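**Q** After the structure tokens below, expect a handful of questions from me.
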Amino acid sequence: MEIVLSSGIGIFAASGLWLILRPRTFQVIMGLSLLSYAVNLFIFATGRLKLDAAPILDTGKAIDPAAYTDPVPQSLVLTAIVIGFATTALFLVILLALRGLSGSDHVNGREPY
Amino acid sequence: MIAVFLHHIMVLPVILPLITGALLLFIREHSRRLKSALALVSTGFVVLIAAILIYRAQELAPQADVYNLGNWAAPFAIVFVLDRLSAVFLLMSVLTAFCALIYVTAHWDRLGAHFYSLSQFFLAGINGVFLTGDIFNLFVFFEVMLAASYALLMHGSGLARVRAGAHYVTVNLVASSCFLLGAACIYGGSGTLNMADLASRLALLPEDTVLICQIGMGFLGIAFLIKVGMWPLCFWVPATYSAAAAPVGALFSITGKVGFYVILRLSLLLLENDTTGLHAALCQILFYGGLITLIVGFTGVLASQNLSRLSANSVLASTGIVLAAMGLDHPALTAITVYYILSSTFALAAFFLLIEPVERNQDIAANVLAVTMEVYGEDEEEEEDEIGFYIPATAAILGACFTLCAILLIGMPPLSGFIAKFMMITGLFWPQGPARAYILPDIQSWLFIIFLVLAGFAQLIAMTRSGIRLFWASLDTYMPKVQISEIIPIAVLLTFCFTISLAAEPVMRYLDSMAAEIYVPANYIHSVLGGAINKGE
Numbered sequence: 003m004e005i006v007l008s009s010g011i012g013i014f015a016a017s018g019l020w021l022i023l024r025p026r027t028f029q030v031i032m033g034l035s036l037l038s039y040a041v042n043l044f045i046f047a048t049g050r051l052k053l054d055a056a057p058i059l060d061t062g063k064a065i066d067p068a069a070y071t072d073p074v075p076q077s078l079v080l081t082a083i084v085i086g087f088a089t090t091a092l093f094l095v096i097l098l099a100l101r102g103l104s105g106s107d108h109v110n111g112r113e114p115y
Numbered sequence: 050m051i052a053v054f055l056h057h058i059m060v061l062p063v064i065l066p067l068i069t070g071a072l073l074l075f076i077r078e079h080s081r082r083l084k085s086a087l088a089l090v091s092t093g094f095v096v097l098i099a100a101i102l103i104y105r106a107q108e109l110a111p112q113a114d115v116y117n118l119g120n121w122a123a124p125f126a127i128v129f130v131l132d133r134l135s136a137v138f139l140l141m142s143v144l145t146a147f148c149a150l151i152y153v154t155a156h157w158d159r160l161g162a163h164f165y166s167l168s169q170f171f172l173a174g175i176n177g178v179f180l181t182g183d184i185f186n187l188f189v190f191f192e193v194m195l196a197a198s199y200a201l202l203m204h205g206s207g208l209a210r211v212r213a214g215a216h217y218v219t220v221n222l223v224a225s226s227c228f229l230l231g232a233a234c235i236y237g238g239s240g241t242l243n244m245a246d247l248a249s250r251l252a253l254l255p256e257d258t259v260l261i262c263q264i265g266m267g268f269l270g271i272a273f274l275i276k277v278g279m280w281p282l283c284f285w286v287p288a289t290y291s292a293a294a295a296p297v298g299a300l301f302s303i304t305g306k307v308g309f310y311v312i313l314r315l316s317l318l319l320l321e322n323d324t325t326g327l328h329a330a331l332c333q334i335l336f337y338g339g340l341i342t343l344i345v346g347f348t349g350v351l352a353s354q355n356l357s358r359l360s361a362n363s364v365l366a367s368t369g370i371v372l373a374a375m376g377l378d379h380p381a382l383t384a385i386t387v388y389y390i391l392s393s394t395f396a397l398a399a400f401f402l403l404i405e406p407v408e409r410n411q412d413i414a415a416n417v418l419a420v421t422m423e424v425y426g427e428d429e430e431e432e433e434d435e436i437g438f439y440i441p442a443t444a445a446i447l448g449a450c451f452t453l454c455a456i457l458l459i460g461m462p463p464l465s466g467f468i469a470k471f472m473m474i475t476g477l478f479w480p481q482g483p484a485r486a487y488i489l490p491d492i493q494s495w496l497f498i499i500f501l502v503l504a505g506f507a508q509l510i511a512m513t514r515s516g517i518r519l520f521w522a523s524l525d526t527y528m529p530k531v532q533i534s535e536i537i538p539i540a541v542l543l544t545f546c547f548t549i550s551l552a553a554e555p556v557m558r559y560l561d562s563m564a565a566e567i568y569v570p571a572n573y574i575h576s577v578l579g580g581a582i583n584k585g586e
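In order, the protein sequence lines correspond to chains A and B. The first sequence begins at 3 in the numbering used here and counts up one residue at a time. The second sequence begins at 50 in the numbering used here and counts up one residue at a time.
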């Protein structure tokens with residue numbers, strides 16, 4: 003499980019970085035989204051992974067905190083997702099404005115010669 | 050009673066702008082007078098509170114005032130922490146923001162929608178960064194500030210602004226990812242995000258976990274240095290600052306200082322008792338990075354064709370000076386660095402505000418402005434807003450302001466820019482104070498002194514050149530018209546510089562004791578975790 007998650011994060015981050023360095027605005031925004039997925043998964047993983055265990059508390063018995071993952075990163079990642087989503091939406095609007103004003107979808111607002 | 054009151058006003062610098070900003074959204078865009086009045090009253094209140102907090106922080110020192118949000122005990126929930134470092138930065142930024150807001154009332158608020166709401170949210174974010182004692186909360190306030198700044202940068206629209214905005218947003222989204230990675234590493238390693246708790250736990254952690262935390266700090270460092278604009282992370286700075294509208298440029302001159310604050314706060318809190326060599330490495334990075342930023346900055350100043358470029362590169366030069374001085378890592382120098390930050394922030398903000406009126410009758414600037422006015426179809430109601438009589442002899446007034454800004458930025462006597470640079474150099478020769486024998490500084494200090502002086506010289510050449518080009522032109526081509534609400538904020542900002550020049554001794558006494566305090570992390574840790582010392586009861 004660890005190897006699946008960590009390689010998933012790695013692939014997301016690598017493809018995100020590659021796309022951010024591309025010249026078209028659509029590629030950049032996809033790259034930023036992929037990078038933020040990688041970051042969010044990474045935050046999620048800092049709460050440690052737990053396999054083959056029930057995700058809910060069993061109220062009948064005394065609760066052992068060690069049997070569950072740390073819930074704090076899950077709440078952190080929620081905040082991070084919300085903020086990331088909002089800023090990505092804002093960024094999309096800016097890129098549309100750039101496309102409208104410059105007539106080109108190059109990140110510099112003009113086609114390279 | 051009064052103590053409880055003083056304790057509780059600490060949250061107002063965050064809450065008041067948030068509420069005002071939200072309220073302003075409900076007022077129609079046409080009632081600009083009402084909107085600007087509300088925004089100014091709210092910001093004025095925050096200035097007042099920040100001034101009170103300066104005294105409050107001094108009174109409680111060396112303890113910090115700790116505010117438990119929701120009354121949860123410190124390590125488990127978010128706290129606000131006020132000490133002299135945060136109080137100084139808080140007052141500086143709200144004063145600058147207040148001046149920028151006065152300036153906006155001239156005509157800038159009609160270039161786009163919701164300027165006042167955005168500026169209030171921006172202010173809430175900045176004040177939150179200065180007050181919070183929690184790393185993840187720091188991230189949230191950073192994002193509040195940045196989200197507002199994205200929209201502010203594009204205030205007035207136009208291709209240049211949107212293009213600079215797209216780059217600025219991309220860079221900052223990547224920086225935010227770095228910030229999150231860093232925060233996650235720190236939480237994964239230490240199990241806490243409370244700064245004080247983290248500082249006290251670091252020494253107790255096993256070695257491999259400390260390594261994870263340090264990787265996290267590295268990520269945080271990259272994020273903050275992007276925001277500060279240290280070479281090689283600074284290429285967004287000139288384009289962004291020179292594209293921004295004048296009052297937005299003044300507001301942006303605060304954002305870099307947010308990075309300085311966080312670097313000072315976290316490096317002194319987390320790394321002061323560090324034995325792994327990370328602190329030494331950070332100092333080297335800051336010093337050489339700062340030096341290169343300074344070189345890039347003053348080369349850019351010399352190469353600048355117009356005033357907006359010149360001011361943007363001056364930001365880089367002053368950033369370089371501050372970072373290099375931080376890299377030398379000396380308590381006395383830290384106090385002087387904060388003094389320099391005060392002086393350069395006010396001077397740069399005044400300069401940003403001054404550029405547009407000065408260049409108004411020059412073709413390019415006037416054209417850009419005319420185009421943006423057209424885009425927003427503001428022509429029809431132009432007449433009623435010609436309030437504010439035109440000042441006679443405006444060229445003389447603008448020229449005087451320009452000269453004062455130049456003196457401040459170059460660091461010529463007698464103003465605060467000179468005092469700061471002079472103190473930096475004497476501080477390196479007489480680290481124990483002028484009464485003791487002097488020591489010969491090491492190589493790093495010599496490099497710093499040489500480039501500090503060179504940067505001043507480059508600034509002198511560039512400012513003289515553009516001053517001659519602008520003000521010694523023949524009068525029939527150069528007749529600037531300026532509204533009084535544009536001159537007042539510039540004059541006020543310059544007055545702040547006068548004040549800290551005249552009152553250099555009390556200001557430095559305050560900053561010296563502040564530096565001595567933040568170099569002992571135990572003060573901060575004990576205030577936050579030590580129980581109900583300053584609950585005001």
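Ideal placement from N, C-alpha and C gives every residue a C-beta, glycine not left out. None of these values were measured; they are calculated from a predicted model.
In terms of residues, what are the limits of the alpha helix (DSSP H) holding VAL297/B?
**A** VAL297/B -> alpha helix (DSSP H) spans 295-320.
**Q** Using DSSP bridges, identify the partner residues of VAL115/B.
**A** Paired residue(s): VAL130/B.
**Q** Tell me whether ARG133/B, by its Cβ, gets closer than 8 Å to a heavy atom of the ligand MN.
**A** The ligand MN is not part of the structure shown, which contains no ligands of any sort.
**Q** Buried or exposed for TRP591/B, please, with buried defined as at least 16 other CB atoms from any protein chain shown within 10 angstroms of its CB.
**A** Coverage of chain B is limited to positions 50 through 586, which leaves residue 591/B absent and any answer about it impossible.
**Q** When you check each C-beta in the region 535-556 of chain B against every C-beta of chain A, which residues fall closer than 8 Å?
**A** So the list is empty, because no residue satisfies the distance condition.
**Q** Measuring only the C-alpha atoms, how far is VAL178/B from PHE138/B?
**A** Distance between the alpha carbons of VAL178/B and PHE138/B is about 10 Å.
**Q** Going along the chain, which residues of its own chain have a beta-carbon closer than 6 Å to the beta-carbon of ALA299/B, five neighbours each way excluded?
**A** Excluding positions up to five away in sequence, the list reads ALA149, ALA398, PHE401 and LEU402.
**Q** So, does the CB of VAL137/B fall closer than 9 Å to a CB anywhere in chain A?
**A** No - not a single Cβ of chain A is within 9 Å of the one on VAL137/B.
**Q** Decide yes or no for the touch test of the region 297-314 of chain B against the region 264-280 of chain B: beta carbon pairs closer than 8 Å, at least 3 of them.
**A** Yes, the region 297-314 of chain B touches the region 264-280 of chain B.
**Q** Secondary structure at ARG101/A, three-state DSSP: helix, strand or coil?
**A** Looking at ARG101/A - three-state DSSP - the assignment turns out to be helix.
**Q** Any beta-carbon of chain A closer than 9 Å to the one on SER494/B?
**A** SER494/B does not count as touching chain A.
**Q** Would you call the region 168-176 of chain B and the region 65-76 of chain B touching, i.e. three or more CB-CB distances under 8 Å?
**A** Judged by Cβ distances under 8 Å, the region 168-176 of chain B makes contact with the region 65-76 of chain B, as three or more pairs qualify.
**Q** Can you find a C-beta in chain B that's less than 9 Å from the C-beta of THR90/A?
**A** Judged by the 9 Å Cβ criterion, THR90/A is in contact with chain B.
**Q** Please name the residue in PRO406/B, THR258/B and ALA252/B whose C-alpha comes closest to that of ILE537/B.
**A** Among PRO406/B, THR258/B and ALA252/B, the Cα nearest to that of ILE537/B belongs to PRO406/B.
**Q** Helix, strand or coil: how does DSSP classify ARG26/A here?
**A** Reduced to three states, the DSSP call for ARG26/A is strand.
**Q** Just list the residues that DSSP pairs HIS108/A with in beta bridges.
**A** In the DSSP output, where bridge partners are listed per residue, HIS108/A has ARG26/A.
**Q** Helix or strand or just coil, what does DSSP make of GLY10/A?
**A** In the structure shown, GLY10/A sits in a helix (DSSP, three-state: H, G or I).
**Q** Helix, strand or coil for GLY257/B? Go by DSSP, reduced to three states.
**A** For the sequence presented, residue 257/B should be read as Asp rather than Gly. Here ASP257/B sits in helix by DSSP.
**Q** Is DSSP giving ASP183/B helix, strand or coil here?
**A** ASP183/B falls in the strand class under three-state DSSP.
**Q** Taking a contact to mean a Cβ-Cβ separation below 9 Å, would you say ILE11/A touches ALA55/A in this structure?
**A** Not in contact: ILE11/A and ALA55/A (Cβ atoms no closer than 9 Å).
**Q** Check ASN355/B in the structure and name its three-state DSSP category.
**A** Reduced to three states, the DSSP call for ASN355/B is coil.
**Q** Could you check whether LYS276/B and ASN355/B sit closer than 9 Å to each other, using their CB atoms as the reference points?
**A** No.
**Q** Would you call the region 191-202 of chain B and the region 90-102 of chain B in contact, with 3 or more CB pairs under 8 Å?
**A** Because the criterion of three Cβ pairs below 8 Å is not met, the region 191-202 of chain B and the region 90-102 of chain B do not touch.
**Q** So the alpha helix (DSSP H) ILE533/B belongs to, where does it begin and stop?
**A** Where ILE533/B is concerned, the enclosing alpha helix (DSSP H) stretches over 533-551.
**Q** Return the CA-CA distance between ILE334/B and ILE492/B, expressed in angstroms with no decimal places.
**A** Answer to the nearest angstrom: the Cα atoms are 16 Å apart.
**Q** Relative to the C-alpha of THR394/B, which residue among TYR152/B, LEU496/B, LEU543/B and ALA374/B is closest?
**A** Nearest of TYR152/B, LEU496/B, LEU543/B and ALA374/B to THR394/B, Cα basis: LEU543/B.
**Q** Mind checking the region 272-300 of chain B against chain A and listing, in chain order, the residues whose C-beta falls within less than 7 Å of any C-beta there?
**A** Taking 7 Å as the Cβ-Cβ cut-off against chain A, none of the residues of the region 272-300 of chain B qualify.
**Q** Can you give me the C-alpha to C-alpha distance between PRO19/B and SER249/B, rounded to a whole angstrom?
**A** What is shown of chain B runs 50 to 586, which leaves residue 19/B out entirely.
**Q** Among ILE456/B, SER135/B and ALA162/B, which residue has its Cα nearest to the Cα of LEU201/B?
**A** Checked all of ILE456/B, SER135/B and ALA162/B; the closest Cα to LEU201/B is ALA162/B.
**Q** What separation, rounded to the nearest whole angstrom, lies between the Cα atoms of ILE390/B and VAL371/B?
**A** If you take the alpha carbons of ILE390/B and VAL371/B, they lie about 7 Å apart.
**Q** What's the call for ILE488/B, buried or exposed, on a 16-neighbour Cβ count within 10 Å?
**A** So ILE488/B counts as exposed.
**Q** Determine, using beta carbons only, whether ALA371/B comes closer than 9 Å to chain A.
**A** Sequence check: residue 371/B is Val here, not Ala. Not one chain A Cβ lies under 9 Å of VAL371/B.
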